[in-house]
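Positions -23 to -1, 1 to 478 (mature numbering (1 follows the signal peptide of the UniProt record, and there is no 0)) are the ones given, in order, by the sequence shown.
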Amino acid sequence: PQLHFNRDSVMLLVLLFLSLTSALDPTSNNALYQCGVRRRIGVQLIERGWVAELGQWPWHAALFHVSSNGSSSYACGGTLLDQRHVLTSAHCVTTKRRKNIVPIRGSRLMIHLGQYDLREITGVQLRNVSEVHIHEEYSTNRNDIAVLVLSSDVEYSDFVIPICLDNRVDPDLTKLVGQRGSVAGWGLTENQTVAQFLRTAQMPVVGHVECVQADPTLFGRYLDRGMFCAGERNGTSVCNGDSGGGFYINEGDRWVLRGVVSFSGVDENRQCDTAQYAGFANVHNYLGWIRNVTGSRDGAADKLDVPRRISEIECEKYKELAGKRGNGICLNSRQPHNVALIYEEEIWGICSGALISDQFVLTACRCMKRKKPVSARIGQFLNIKIAKIVCHPQKGDFVNDVALIKLESKVEFAASVIPACLANDWTENLYDTLLLTGFKEDYRVYEDVPGFGKRPKITELVESVDNLIITEAECRNRTEAMGRTDRITDSQLCVYSPGHE
């Protein structure tokens, strides 16, 4: 069986469902920029990751070591916390002297912000380091965290924005397991060369037990509450040079720093082993220490004082119930807003939709083309009759393909039934990848479906995680190669699903 979301094209038109909560840094023109909210994106080792887009990770910093003759060389990554502070790994800014671990002098360190190409510094903000703060209990792979104080403030721009620190995230690491985060860096690629352009990848957090079982010698010695591990064990991992960079997790409409790249295993050639998990310093465990050093408050403390839609306010009530995500069979606890449309004679698997309130479902108008659905299956067992269907008044063959379905009765929300949050202007540049759900079709077995003709047998509802938002140009190249001439409009997204072409 194969997973097919659209048999005709790799172009998927997707509506994003998100909520709005924002943080504001009220200093001069920098007030235009909010922590964890980037201003531009459009995706076109970190090994087996992909090249990042300019401005995709505006909080990612490049740490250079400066030699006595004034030359500099790239060493590690880092994450901008505010105008004056960068968080990195302690091992990136320390050296051994007479068997003692001591900080490298600030004059021997340089921070580059807004950098994309390591060979190009035009437009990059360069800052000397005035102070180096190493965690007091740092030792090899333990408490591997440091704060660098910059010699002068940075100016926020579309390419230089701080990330958020949030003490409201659940400190229980077991609840983090399965959640996917993003990493970025110029570390060694699969060809064992330092990347010229910033690269990025996604990976899930892995439980302590699974991590230790994968490599007892490495993780059994160092994994504690101050750390977590993550990775895919398929070549998608961090490598030499990625140390100090952040592990970013999306929270609502912004990005939050959850980890710092610390270490990974090595293979028989003493190279980083990308078939193993990587260890990350658990930032939440060090929030108190970080704020003592930086003198900062919770990055989420200041709220943007603008009116919010009712849907945004309601969405905040539901987001705590949302489940974890991962490739595979889709359970209602993972995608609690997914709705299956039921046609006459209990026909299902043709279309699905998203629950957006207690009485409305958002779907595609093309789902009404041959036959109209008569009910909606909420959760696994509840069928509610459809009272009304409204398609977009300017619906065309491939434009404005949206419809609202009003249910005859209201839905009672629970952990397995939660409405999706609607996108807004603030969330426009939030995601690089999207989670898609769809029905798996077995093309070895065809069934005669009344009103729809011969169709592949539907087996189950599944989800796909790594679906890349691609540019209009790349979308056009891919669709033209398939003999299609469709063009996306400003109201559409083009999404490429690797492995499901």
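C-beta: ideal position from N, C-alpha, C; glycine also.
What residues match up with residue i in a beta bridge as DSSP calls it?
{"i": "Lys431", "result": "Asp425"}
{"i": "Gln179", "result": "Ser159"}
{"i": "residue 490", "result": "The structure shown has nothing for residue 490, since the chain only spans -23 to 478."}
{"i": "His89", "result": "Ala39, Leu103"}
{"i": "Phe174", "result": "Asp94"}
{"i": "Ile140", "result": "Answer is none; Ile140 lacks a bridge partner."}
{"i": "Val126", "result": "His62, Glu108"}
{"i": "Arg74", "result": "Asn77"}
Along the chain, where does the alpha helix (DSSP H) containing residue i start, and where does it finish?
{"i": "Ala458", "result": "449 to 458"}
{"i": "Arg235", "result": "No alpha helix (DSSP H) holds Arg235; the beta strand (DSSP E) holding it covers 231 to 241."}
Return helix, strand or coil for residue i, following the three-state DSSP convention.
{"i": "Cys344", "result": "helix"}
{"i": "Ser49", "result": "strand"}
{"i": "Val270", "result": "helix"}
{"i": "Leu(-11)", "result": "Because Leu(-11) sits at a pLDDT of 32, beneath the cut-off of 50, its placement in the model cannot be relied upon, and the point is left open."}
{"i": "Ile23", "result": "Confidence at Ile23 is low in this model, with a pLDDT of 40, below 50, so the placement of that residue should be treated as unreliable; the coordinate-derived value is given next. Ile23 falls in the coil class under three-state DSSP."}
{"i": "Gly330", "result": "strand"}
{"i": "Lys152", "result": "helix"}
{"i": "Asn120", "result": "coil"}
{"i": "Ala255", "result": "strand"}
{"i": "Ala67", "result": "helix"}
{"i": "Thr466", "result": "coil"}
{"i": "His369", "result": "coil"}
{"i": "Arg461", "result": "coil"}
{"i": "Phe358", "result": "coil"}
{"i": "Ala133", "result": "Strictly speaking, residue 133 in this sequence is Tyr, with Ala absent from that position. It is coil, neither helix nor strand."}
{"i": "Ala277", "result": "For Ala277, the predicted structure reports a pLDDT of 36, less than 50, and the residue's modelled location is therefore unreliable. A value from the coordinates is still provided. The answer is coil: DSSP assigns Ala277 none of H, G, I, E or B."}
{"i": "Glu196", "result": "Note on identity: in this sequence residue 196 is Phe, with Glu being the wrong assignment. Looking at Phe196 - three-state DSSP - the assignment turns out to be helix."}
{"i": "Val376", "result": "coil"}
{"i": "Val260", "result": "helix"}
{"i": "Ile31", "result": "Position check: residue 31 holds Leu in this sequence, whereas Ile was assumed. Three-state result, Leu31: coil."}
{"i": "Leu412", "result": "strand"}
{"i": "Gly164", "result": "coil"}
{"i": "Gly13", "result": "coil"}
Between which two residues does the beta strand (DSSP E) containing residue i stretch?
{"i": "Ala191", "result": "Note, Ala191: premise wrong, no beta strand (DSSP E); alpha helix (DSSP H) at 185 to 191."}
{"i": "Gly473", "result": "Note that residue 473 is Tyr in the sequence shown here, rather than Gly. Segment 471 to 473, the beta strand (DSSP E) holding Tyr473."}
{"i": "Ile81", "result": "Neither: Ile81 is in no beta strand (DSSP E) and is coded neither H nor E."}
{"i": "Lys383", "result": "380 to 384"}
{"i": "Gly223", "result": "223 to 228"}
{"i": "Ile111", "result": "102 to 111"}
{"i": "Ala317", "result": "315 to 319"}
{"i": "Ala207", "result": "204 to 207"}
Do the CB positions of residue i and residue j come within less than 8 angstroms of each other?
{"i": "Ala29", "j": "Gly54", "result": "no"}
{"i": "Cys368", "j": "Ala380", "result": "yes"}
{"i": "Leu215", "j": "Val238", "result": "Strictly speaking, residue 215 in this sequence is Val, with Leu absent from that position. Closer than 8 angstroms, so yes."}
{"i": "Gly356", "j": "Ser393", "result": "yes"}
{"i": "Gly223", "j": "Leu234", "result": "yes"}
{"i": "Ile264", "j": "Leu142", "result": "In the sequence as presented, Ile is not what sits at residue 264; that position holds Leu. Taking 8 angstroms as the Cβ cut-off, Leu264 and Leu142 qualify as a contacting pair."}
{"i": "Arg455", "j": "Tyr473", "result": "yes"}
{"i": "Val137", "j": "Leu125", "result": "no"}
{"i": "Tyr133", "j": "Tyr10", "result": "yes"}
{"i": "Arg366", "j": "Ile382", "result": "Per the sequence shown, the amino acid found at residue 366 is Ile instead of Arg. Going by C-beta atoms, Ile366 is nearer than 8 angstroms to Ile382."}
{"i": "Ala458", "j": "Ala397", "result": "no"}
{"i": "Gly158", "j": "Ile267", "result": "no"}
{"i": "residue 486", "j": "Leu318", "result": "A question about residue 486 goes unanswered here, because the residues of the chain that appear run from -23 up to 478."}
{"i": "Gln33", "j": "Leu95", "result": "no"}
{"i": "Asn377", "j": "Leu411", "result": "no"}
{"i": "residue 494", "j": "Gly236", "result": "The first residue shown for the chain is -23 and the last is 478, placing residue 494 beyond what the model contains."}
{"i": "Thr271", "j": "Leu58", "result": "yes"}
{"i": "Pro350", "j": "Cys342", "result": "no"}
{"i": "Ala123", "j": "Thr177", "result": "no"}
{"i": "Trp232", "j": "Pro139", "result": "no"}
{"i": "Gln156", "j": "Val131", "result": "no"}
{"i": "Val183", "j": "Gly203", "result": "no"}
{"i": "Gly83", "j": "Ser107", "result": "yes"}
For residue i and chain B, any beta-carbon pair shorter than 8 angstroms?
{"i": "Gln173", "result": "No chain B appears in this structure, which consists of one protein chain only."}
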